[in-house]
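Here is the structure we will look at, set down as C-alpha cells.
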Amino acid sequence: MQYFLSICSVCSIFLIVSAFAQTPPETISRPENTSLISDSTPRPNLIQLGDLIDVDIVGSTEFDWRGTLTPEGYLDGIDFVDEPIFALCRTESAVAADIAKGYQKLLRNPQVQVKILDRSGRPISYLFGAVKKPQRFKIQREIRLNELIIISGGLTEKSSGEIQIIRSSRLNCETTESNDKQENSTVKIKQEVGSKTLNIRVAELLKGDQPSNPLILSGDIITVLEAEPIYIIGGVVNPRQINTRSQMTVTRAIASAGGFSKNADQKNVTIYRKEKGAIKIFEVNFEKISDTSEQDVILQKYDIIEVRQNGSEKRKFPPLIRNADLIENSLLDLPLRIIE
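Take the sequence shown: its position 322, counted from the start at 1, is 321 in numbering that gives the first Met the number 0, and no numbers get skipped.
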C-alpha cells in the first residue's frame, strides 16, 4: 500500500457557450457621470459572431435578408450573390459595399444598408478563481478588468496576485494597440495560434497601470489565480490552509494559524512534503528554532505541517487533507450578468 497525500489541483474547464442561464440575467449599466480610459486605437462597431444582422436593399423587399454569421464568419444563407459575403470583424458599411457589388448583376445601382440588430448572442465572458462572486458576463459595452472585478465583489485572500486572461481571436474583434504600448507594457502576452494569454499583476492593476487594466472582450476567460496552499494541522489554535504568495517559514505558518494550542508539543513538529512522487518527512524542534540554535525551515507549496499534541502518538501514515474548496464549480452554473 502506498502512503501518499493526495492533493488535487483545480482543473478549470474552459467552455465557450452562448446560452443564457435559466434564471433571468442581471443587467449592469455604467453609472452616470463616469467614463472609461480611452485607448489611442479607435474601436469601430464591428460585426461579431452571434450578432443578428439585417440587410436592407433600398426600394426592394425581395432581396432583403436577416440572419447571423456562419462559424467561418460569412453571412449565413444570403441569396442572389455568387460569392459568400465575409462579415466577421468588418464594419456594417464595408459589408454593405460587398453586398451591393454582388447584386449589381441583378439590380441597377443597388443601395444597401447593413445594420446589427442584436448583439445579445455574442460569446459569454467568464471571471472566476480568487474572486468573491465568480460570474459569467454578456458584454454589450466597453468595460475594463477593474470594473468587472468590482462587480464580482473584489478579490479574495486566496489571490496569488496574478490574473490570467485567455483570449480567442475568433470570438471578438480586438484592435491592435500601438507599438509604444506593447513595448512599454507591464502585461506579459503569450501569443498562440488563434488565441493569446495576457498575464497581469494585481499590484500593477491597483497602481492604475493602464496596460494592466485592459478592455474585456466577448469570449474572454479571466482567471484570478489562487496562491498555492500550505496546510497546518494538529496543536495550533486554528488549523487551516494557508495561501502563500512569498517564502513561508514554519514560524510564520504557526503564527498564521494563531500560534500553538495549550496542549501543543513544540518539540515535535513534522513536515510532510511531496518530492518526485514520494513523501519526505522532516522533524522539527520549534524550541530550537526559537532560540536560534536551529535554522527556520522554508516551506514549499502543498507542504503539511503537523504540530504534535501532548500525549499523542507519532502518526504512522501521512495525513490526508480533504479540502472541498479544491473542487471547482461548473462554469455553466455561474450567474450571468449583462453589461450594457
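Glycine included, every Cβ here is placed at the ideal spot set by N, Cα and C. Computed from a predicted model, the values in this text were never measured in an experiment.
query = Are the CB atoms of LEU333 and PHE127 nearer to each other than 9 Å?
reply = Within the sequence shown, numbered from 1, the residue matching residue 333 stands at position 334. Within the sequence shown, numbered from 1, the residue matching residue 127 stands at position 128. For LEU333 and PHE127, yes; Cβs fall inside 9 Å.
Distance between GLU227 and ASP264 (C-alpha atoms, nearest Å) = Locating residue 264 in the sequence shown gives position 265, counting from the first residue. Locating residue 227 in the sequence shown gives position 228, counting from the first residue. Looking at the two C-alpha atoms, the distance is approximately 27 Å.
ask   = At which residues does the alpha helix (DSSP H) containing ILE149 begin and terminate?
value = Within the sequence shown, numbered from 1, the residue matching residue 149 stands at position 150. Run containing ILE149: 144 to 150, per the alpha helix (DSSP H) assignment.
inquiry  = Can you check which of these residues, GLY49, ALA95, PHE85, is closest to LYS114 by C-alpha distance?
reply    = Counting from one through the sequence shown, the residue named residue 114 turns up at place 115. Among GLY49, ALA95, PHE85, the Cα nearest to that of LYS114 is on ALA95.
query = Any idea what DSSP makes of ILE337, helix, strand or coil?
reply = Here the question's residue 337 lines up with position 338 in the sequence shown. If DSSP states are grouped into helix, strand and coil, ILE337 belongs with the strands.
key: Run of the alpha helix (DSSP H) containing SER289, from where it starts to where it stops   = In the sequence shown, the residue the question calls residue 289 occupies position 290. Per DSSP, SER289 belongs to the alpha helix (DSSP H) from 285 to 289.
ask   = How many Å lie between TRP64 and ASP78 at the Cα?
value = Indexing the sequence shown from 1 puts residue 64 at position 65. Indexing the sequence shown from 1 puts residue 78 at position 79. Taking the straight line from one Cα to the other gives about 8 Å.
query = Quick one: does the C-beta of SER260 sit closer than 8 Å to a heavy atom of the ligand PLP?
reply = The ligand PLP is absent from the structure shown, which contains no ligand whatsoever.
key: Range covered by the alpha helix (DSSP H) that runs through ASP97   = Locating residue 97 in the sequence shown gives position 98, counting from the first residue. Looking at the DSSP string, the run of the alpha helix (DSSP H) that includes ASP97 is 91 to 102.
request  = Report the partner residues of THR222 according to the DSSP bridge assignment.
outcome  = The count along the sequence shown starts at 1 and reaches residue 222 at position 223. The partner list for THR222 (beta bridge, DSSP) reads PHE127, GLN163.
ALA277 versus VAL296: straight-line alpha-carbon distance, rounded = The residue you call residue 277 lines up with position 278 of the sequence shown. The residue you call residue 296 lines up with position 297 of the sequence shown. Cα to Cα, the separation comes out at about 20 Å.
Closest Cα partner of GLY197 within the set LEU214, LEU205, GLY207, LYS206 = Walking along the sequence shown from the start, residue 197 turns up at place 198. A small correction: the amino acid at residue 197 is Leu; Gly does not occupy that position in the sequence shown. Nearest C-alpha to LEU197: LEU214.
key: Which listed residue (ALA99, LEU51, GLN110) has its alpha carbon closest to that of VAL116   = Your numbering for residue 116 matches position 117 in the sequence shown. For clarity, residue 116 is Leu in the given sequence; the question names Val instead. It is LEU51 whose Cα lies nearest to the Cα of LEU116.
request  = Taking ARG200 as part of the beta strand (DSSP E), name the residues at either end of that continuous run.
outcome  = Position 201 of the sequence shown, counted from the first residue, corresponds to residue 200. Its beta strand (DSSP E) spans residues 194 to 200.
key: Simplified DSSP assignment, three categories, for ASP295   = On the sequence shown, residue 295 is found 296 positions in, with the first residue counted as 1. If DSSP states are grouped into helix, strand and coil, ASP295 belongs with coil.
query = Would you report the Cα separation of ARG89 and LEU170, rounded to the nearest angstrom?
reply = Position 90 of the sequence shown, counting from 1, holds the residue named residue 89. Position 171 of the sequence shown, counting from 1, holds the residue named residue 170. Distance between the alpha carbons of ARG89 and LEU170: 13 Å.
request  = Grab me the residues of VAL80's own chain with a C-beta within less than 8 Å of its C-beta, minus the 5 sequence neighbours each way, in chain order.
outcome  = For the purposes of this step, residue 80 is identified with residue 81 of the sequence shown, where counting begins at 1. ILE98, GLY101, TYR102.
query = Who are the Cβ neighbours of GLY234 in its own chain at under 7 Å, not counting the five residues just before and after it?
reply = The residue you call residue 234 lines up with position 235 of the sequence shown. Within the same chain, GLY234 has close Cβ partners PHE259, SER260, ASN262, ALA263, ASP264, VAL306, ARG307, GLN308.
ask   = What separation, rounded to the nearest whole angstrom, lies between the Cα atoms of ASN145 and LYS131?
value = For the purposes of this step, residue 145 is taken as the residue at position 146 of the sequence shown. For the purposes of this step, residue 131 is taken as the residue at position 132 of the sequence shown. Approximately 14 Å between the Cα atoms of the pair.
task = Return the chain-ordered list of same chain residues with a C-beta closer than 6 Å to the C-beta of ILE221, the five sequence neighbours on each side being excluded.
result = Indexing the sequence shown from 1 puts residue 221 at position 222. The beta carbon of ILE221 is closer than 6 Å to those of LEU126, ILE164 in its chain, skipping five residues each way along the sequence.
ask   = At which residues does the beta strand (DSSP E) containing ARG239 begin and terminate?
value = Along the sequence shown, read from residue 1 onward, the residue named residue 239 stands at position 240. 239 to 243 is the span of the beta strand (DSSP E), which, as asked, contains ARG239.
message = Closest to GLY207 by C-alpha separation, out of THR185, LYS189, GLN246, would be which residue?
response = Locating residue 207 in the sequence shown gives position 208, counting from the first residue. Closest option to GLY207, Cα to Cα, is THR185.
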